[in-house]
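Residue numbers (our numbering): 9 to 358. Just so you know, even glycine gets a beta-carbon here, dropped at the ideal spot from N, CA and C. Here the structure comes first, spelled out in structure tokens, and everything after it is commentary.
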């Protein structure tokens, strides 16, 4: 199922708008993660798709059908949220079977489908137990089976891993990804966790203040951010950001005057700050390497440059010339220039 938002606005009663002119198309069969803070608008998007709220303006389409006024029960959606809500009076078997009873599926077929899904999510030994005796991960598995047992056209996952212990999240995440890929079902996933998004998504929509800042593949978002907000949002360690005026002498001979005249900020990925000049670089500075932290398979060099701290992940901890001016280079791949509004004007692929 393809999902389309066209000029969608939404605001709670007599409250400021949460979503403002939101536009996107999610291709059939893709897993798309809406990534942002609790107040970014990601929850409003998933609730609009589910039919729990209605847009104030604009159009929401499932394939080519406008569904603005369609009630939730008519949308054939599977829904799983962080606040897993199983029926406490029903055992695991009956919780999974519940949507099939609502659809009046015959008992024999119902039992067969429940047992199949219980096996797929690895809760077949828990069918007689009640929710109160289950761990958060087990509850999530049961809720996932309940969401998928009715063969939905669309799967909505609202922060599905939030209630699960960190040590158990990876296993559950891989289960969800395996089921989504095998079913080929269009899936919308919301989270505030960038690692979760980067590991899960075919496409990521980064949201901020009720607008989509950029919708692209994880690789495209990281290597080709269209906005400073997006560049800052993704990456460990975070991207370095400097006032463009601070490095004017360092970049002048590498950039056209037209680009530099409009640049307000320069953003440099940690891996783009190097000791040796790469084949293609856009700045050459002298700065002090204050210390290097070793994390085993990676390291982080902390650099003092004109009262600004930079971090590089491309400088080995074998480097010993600390606290003296050192030649450093900004590789073209990983260095971006942004205007005063935070729009990218150079770097990456415009």
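Problem - Length-filtered (4 minimum) alpha helix (DSSP H) runs lying within the segment 115 to 167 - result: 115 to 128, 144 to 156
Exercise for the section: Give, in chain order, every unbroken run of the alpha helix (DSSP H) that is at least 4 residues long and sits entirely within the segment 263 to 333. Expected result: Runs found: 265 to 270.
Exercise for the section: Measure the CB-CB distance between residue 181 and residue 204 and report whether it falls below 8 Å. Expected result: Along the chain shown, one-based indexing puts residue 181 at 173. Along the chain shown, one-based indexing puts residue 204 at 196. Contact: yes.
Handout entry: Closest residue to residue 139 among 70, 178, 280, 102 (Cα-Cα distance)
Key = For this step, residue 139 is matched to residue 131 along the chain shown. It is 102 whose Cα lies nearest to the Cα of residue 139.
Handout entry: Candidates 308, 332, 337, 333: closest to residue 324 by CA position
Key = If you number the chain shown from 1, residue 324 lands on position 316. If we check each option's Cα against that of residue 324, 308 comes out closest.
Handout entry: One or two residues paired with residue 73 in a DSSP bridge
Key = Taking the first residue of the chain shown as position 1, residue 73 is located at position 65. Note: residue 73 sits in a beta bridge opposite 70.
Handout entry: Contact the segment 126 to 134 vs the segment 71 to 87: 3+ CB pairs below 8 Å
Key = Cβ pair count under 8 Å is below three, so no.
Handout entry: Inter-stretch contact at 8 Å, needing at least 3 Cβ pairs: the segment 278 to 293 / the segment 314 to 324
Key = yes
Practice task
Would you please state the rounded distance, in angstroms, between the beta carbons of residue 28 and residue 218? I believe it to be under 8 Å.
Solution key: The sequence position of residue 28 within the chain shown is 20, counting from 1. The sequence position of residue 218 within the chain shown is 210, counting from 1. That belief holds up - the Cβ atoms of residue 28 and residue 218 are roughly 5 Å apart, short of 8 Å.
Exercise for the section: Whole angstroms is fine: what's the gap from residue 153's alpha carbon to residue 126's? Expected result: In the chain shown, residue 153 corresponds to position 145, counting from 1. In the chain shown, residue 126 corresponds to position 118, counting from 1. About 7 Å.
Handout entry: Separation of residue 176 from residue 143, as counted between CA atoms
Key = In the chain shown, residue 143 corresponds to position 135, counting from 1. In the chain shown, residue 176 corresponds to position 168, counting from 1. Rounded to the nearest angstrom, the two C-alpha atoms are 11 Å apart.
Practice task
For residue 49, I'd like the list of residues in its chain whose CB is within less than 6 Å of its CB, leaving aside the five on either flank, ordered along the chain.
Solution key: Indexing the chain shown from 1 puts residue 49 at position 41. Only 26, 27, 215, 218 meet the Cβ criterion.
Problem - Contact between the segment 145 to 163 and the segment 188 to 203 (3+ Cβ pairs under 8 Å) - result: yes
Problem - Backbone secondary structure at residue 177 - three-state DSSP - result: Position 169 of the chain shown, counting from 1, holds the residue named residue 177. In the three-state reduction of the DSSP assignment, residue 177 falls in the helix class, which pools H, G and I.
Handout entry: residue 172 (DSSP reduced to helix, strand or coil)
Key = Translated into positions along the chain shown, residue 172 becomes position 164. Residue 172 falls in the coil class under three-state DSSP.
Problem - Beta-carbon spacing of residue 239, residue 275 below 8 Å - result: Position 231 of the chain shown, counted from the first residue, corresponds to residue 239. Position 267 of the chain shown, counted from the first residue, corresponds to residue 275. Taking 8 Å as the cut-off, the Cβ atoms of residue 239 and residue 275 count as close.
Practice task
Look at the alpha carbon of residue 301 and the alpha carbon of residue 338, and state the distance between them as a whole number of angstroms.
Solution key: Residue numbering aside, residue 301 sits at position 293 when the chain shown is read from its first letter. Residue numbering aside, residue 338 sits at position 330 when the chain shown is read from its first letter. Take the alpha-carbon of residue 301 and the one of residue 338: they are about 20 Å apart.
Problem - Contact under 8 Å by Cβ, residue 16 with residue 66 - result: Looking up residue 16 in the chain shown gives position 8. Looking up residue 66 in the chain shown gives position 58. Contact: yes.
Practice task
Just the C-alpha distance for residue 34 and residue 354, rounded to the nearest angstrom, thanks.
Solution key: As a first step, residue 34 must be located in the chain shown, where it is residue number 26. As a first step, residue 354 must be located in the chain shown, where it is residue number 346. Going from the Cα of residue 34 to the Cα of residue 354 covers about 28 Å.
Problem - Per DSSP, cross-strand counterpart(s) of residue 86 - result: As a first step, residue 86 is located in the chain shown; it is residue number 78 there, counting from the start. Beta-bridge pairing links residue 86 to 163.
Practice task
Determine, using beta carbons only, whether residue 51 and residue 198 come nearer to each other than 8 Å.
Solution key: Position 43 of the chain shown holds residue 51. Position 190 of the chain shown holds residue 198. Yes. Within cutoff.
Exercise for the section: Kindly indicate which residue of 279, 256, 277 has the alpha-carbon position closest to the one of residue 268. Expected result: Working through the chain shown from its first residue, we reach residue 268 at position 260. Among 279, 256, 277, the Cα nearest to that of residue 268 is on 256.
Exercise for the section: Taking the CB atoms as reference points, tell me whether residue 211 and residue 150 lie closer together than 8 Å. Expected result: Taking the chain shown and counting its residues from 1, the one referred to as residue 211 is at position 203. Taking the chain shown and counting its residues from 1, the one referred to as residue 150 is at position 142. No; because the gap between Cβ atoms is not below 8 Å, this pair is not in contact.
Exercise for the section: In angstroms with no decimal places, state the Cα-to-Cα distance between residue 312 and residue 305. Expected result: Position 304 of the chain shown holds residue 312. Position 297 of the chain shown holds residue 305. Spanning the two alpha carbons is a distance of roughly 24 Å.
Practice task
Specify the secondary structure class of residue 359 as computed by DSSP and reduced to three states.
Solution key: Coverage of the chain is limited to positions 9 through 358, which leaves residue 359 absent and any answer about it impossible.
Problem - Pair within 8 Å by beta-carbon distance, residue 263 and residue 295 - result: Mapped onto the chain shown, residue 263 falls at position 255. Mapped onto the chain shown, residue 295 falls at position 287. No.
Problem - Assumed close pair residue 173, residue 145 - CB separation to whole angstroms, cut-off 8 Å - result: Along the chain shown, read from residue 1 onward, the residue named residue 173 stands at position 165. Along the chain shown, read from residue 1 onward, the residue named residue 145 stands at position 137. Right, the Cβ-Cβ distance comes to about 7 Å (below 8 Å), so this counts as a contact.
Practice task
Pull up the distance between the alpha-carbon of residue 171 and that of residue 279, whole angstroms please.
Solution key: Here residue 171 refers to the residue found at position 163 when the chain shown is read from its first residue. Here residue 279 refers to the residue found at position 271 when the chain shown is read from its first residue. So the two alpha carbons sit approximately 34 Å from each other.
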